[in-house]
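Add 7 to a position in the sequence shown, counting from 1, and you land on the number used in our numbering. Notes follow the structure.
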Amino acid sequence: MTDKPTIRPRRLRSSAAMRRLVAETEVAPRQLVLPMFVADGLAEPKPIASMPGVVQHTIDSLRAAAEEAVAAGVGGLMLFGVPRAADKDAVGSGADRVDGILNRALEAVRADLGDATVLMADTCLDEFTDHGHCGVLDDDSRVDNDATLERYAAMAVAQARAGAHVLGPSGMMDGQIAAIRGALDNAGFTDTALLAYTAKYASAFYGPFRDAVDSSLDGDRRTYQQDSANRTEALRELELDLAEGADMVMVKPAMGYLDVLSDVADHTTVPVAAYQVSGEYSMISAAAERGWIDRRAAVLESITSIRRAGATIVLTYWAAEAAGWLR
Ligand code: PBG
């Protein structure tokens with residue numbers, strides 16, 4: 008016998024029931040948002056080679072997959088449009104045309120699902136421009152911030168009109184939240200919410216996404232997306248987005264930026280999202296395909312880590328599948 012208590016943290020790990028009781032972080036299907044791609048001119052869904060299990064949808068297959076994901080319990084859907092190559096131009100006209108692929112898809116999914124889910128739209132020009140940049144270019148081929156804001160404003164109004172509940176401006180132009188908020192308000196879309204890409208880094212982990220949207224980009228986005236070396240800068244971007252009227256904020260990518268995510272979550276009271284991007288999906292998928300890691304365990308661990316770091320909402324290509332596991 009001794010007076011000293013035995014300090015044993017392992018007691019709280021001793022059984023699955025004990026671990027479940029004391030777990031600090033939960034992942035619920037409602038917190039997961041499924042990013043989806045819809046392409047113009049396809050006869051059937053087209054697999055994306057670098058993202059096994061993810062496809063470019065036709066409008067019909069998108070509608071079916073959206074219903075399925077919502078039935079599985081996901082909290083929302085984030086749609087990206089892929090126009091025909093011939094429809095891309097310097098200003099991304101397809102982005103705000105009523106018959107642009109993304110706007111048609113939003114309209115169809117909103118008609119099917121109404122308010123049963125939260126329908127989100129990517130508000131960015133990169134899929135629609137023939138040069139692949141997120142904005143329009145000036146005479147020296149640099150991305151012109153303020154000219155781009157006018158295009159985002161038009162795109163945002165078109166997306167709200169098509170039925171999006173939430174817009175996700177992902178282009179990292181200065182002042183984009185204020186410009187879009189102003190345009191939505193002027194057009195009467197005061198209820199359309201903005202999920203600001205607050206800290207979006209210029210990342211190599213977007214590689215597979217560029218395949219997914221048939222990107223025309225030749226070059227990089229380092230003059231508008233953040234440098235991966237910077238942490239404090241994200242808090243400056245956060246202040247600006249909140250002052251401009253962001254309803255929710257996002258950090259992207261997720262896994263390499265959990266410190267940034269944690270900072271952002273500590274400094275705001277609005278909901279914080281994180282985007283587990285294409286490269287994160289592809290890395291885990293590729294290793295699992297080789298039998299090098301346990302796919303399901305790795306997916307759930309990664310999403311749990313993103314939640315633990317401070318995200319209340321996680322955008323992930325596994326959203327529907329993981330929602331099925333978690334129910
Ligand atoms: C740009 C956009 C990108 C992603 C979402 N929106 C790519 C980029 O900035 O180059 C990446 C998403 C992913 O990699 O899963 N509109």
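Glycine included, each C-beta is placed from N, C-alpha and C at the ideal position.
Endpoints, alpha helix (DSSP H) assigned at residue i
i              : result
proline 215    : 214 to 219
tyrosine 288   : 285 to 296
valine 267     : 265 to 273
methionine 25  : 23 to 29
methionine 162 : 152 to 169
leucine 120    : 108 to 120
threonine 311  : 302 to 316
aspartate 248  : 239 to 251
alanine 35     : Careful: alanine 35 lies outside any alpha helix (DSSP H) and carries neither H nor E.
alanine 326    : 326 to 333
Neighbourhood of residue i by C-beta distance below 8 Å, restricted to the same chain and skipping five residues each side
i              : result
leucine 245    : Thr205, Ala206, Val256, Val271, His274, Thr275
cysteine 141   : Cys131, Leu132, Asp133, Val150, Thr155, Ser177, Gly178, Met179, Met180, Arg228, Tyr231
arginine 334   : Pro36, Ala79, Gly80
valine 279     : Met255, Val256, Met257, Val258, Leu268, Val271, Ala272, Gly317, Ala318, Thr319, Ile320
alanine 144    : With the sequence shown as reference, residue 144 is identified as leucine, and alanine is not the correct amino acid for it. Correct list, in chain order: Ala97, His138, Val150, Asp151.
arginine 158   : Val98, Gly99, Ala102, Asp103, Leu132, Gly142, Val143
serine 324     : According to the sequence displayed, residue 324 carries tyrosine and not serine. Answer for tyrosine 324: Leu41, Pro42, Met58, Gly60, Val61, Gln283, Ser285, Tyr288, listed in chain order.
isoleucine 300 : Ile291, Ala294
lysine 53      : Ala46, Val62, Gln63
arginine 238   : Asp266, Val267, Asp270
alanine 50     : Thr65
aspartate 234  : Tyr208, Ala209, Glu240
valine 34      : Leu307, Ile310, Thr311, Arg314, Val321, Ala329, Leu333
arginine 297   : none
Endpoints, beta strand (DSSP E) assigned at residue i
i             : result
leucine 322   : 320 to 323
aspartate 192 : That residue, aspartate 192, is in no beta strand (DSSP E); its alpha helix (DSSP H) goes 183 to 193.
tyrosine 204  : 200 to 207
leucine 126   : 125 to 130
alanine 46    : 39 to 46
leucine 84    : 83 to 89
Contacts around residue i, its chain only, beta-carbon distance under 6 Å, and the 5 residues preceding and following it disregarded
i              : result
asparagine 110 : Ala165, Ala169
alanine 79     : Ala327, Ala330, Gly331
glycine 48     : Arg91
tyrosine 6     : Limits of the chain in this structure are 8 at one end and 334 at the other, which puts residue 6 out of reach.
glycine 101    : Pro90, Asp94, Gly107, Phe135
alanine 209    : Arg228, Arg229, Gln232
alanine 200    : Val173, Asp254
arginine 315   : Thr32
arginine 337   : Because the chain in this structure spans residues 8 to 334, residue 337 falls outside the shown range and cannot be described.
aspartate 119  : Arg70
According to DSSP, residues forming a beta bridge with residue i
i                 : result
valine 62         : Pro54
phenylalanine 135 : In the DSSP output, where bridge partners are listed per residue, phenylalanine 135 has none listed.
alanine 281       : Val258, Val321
aspartate 96      : Thr136
leucine 174       : Ala128, Leu201
glutamine 233     : Tyr208
leucine 144       : Val150
Integer-rounded CB distance, given that residue j should sit under 8 Å from residue i
i                 : j              : result
valine 321        : leucine 86     : Valine 321 to leucine 86, Cβ: 17 Å. No contact.
isoleucine 184    : glycine 252    : 6 Å
alanine 366       : leucine 113    : Since the displayed the chain opens at 8 and closes at 334, residue 366 lies outside it and no answer follows.
alanine 73        : valine 116     : 5 Å
alanine 261       : isoleucine 313 : 5 Å
phenylalanine 196 : alanine 167    : 4 Å
glycine 175       : aspartate 129  : 6 Å
arginine 2        : arginine 17    : Since the first and last residues shown for the chain are 8 and 334, residue 2 lies out of range.
isoleucine 187    : alanine 211    : So it is not a contact: roughly 28 Å between Cβ atoms.
methionine 127    : leucine 84     : 6 Å
Spatial neighbours of residue i in its chain, beta-carbon cut-off 7 Å, leaving aside the 5 residues before and after
i             : result
aspartate 137 : Lys95, Asp96, Ala97, Ser223
serine 289    : Ser57, Met58, Pro215
glycine 123   : Note that residue 123 corresponds to alanine in the displayed sequence, not to glycine. Only Val77 meet the Cβ criterion.
aspartate 218 : Ile55, Ala56, Ser57
alanine 30    : none
valine 306    : Ile291, Trp325, Ala329
tyrosine 213  : Val284, Ser285, Gly286
Interface flag, residue i vs chain C, CB-CB below 8 Å
i           : result
arginine 37 : Looking at the structure shown, chain C is missing, and only one protein chain is on hand.
*Do the region 211 to 228 and the region 119 to 136 meet, that is, are 3 or more Cβ pairs less than 8 Å apart?*
yes
*Mind the definition here: the region 57 to 64 touches the region 99 to 109 only if three or more C-beta pairs lie below 8 Å; say whether that holds.*
no
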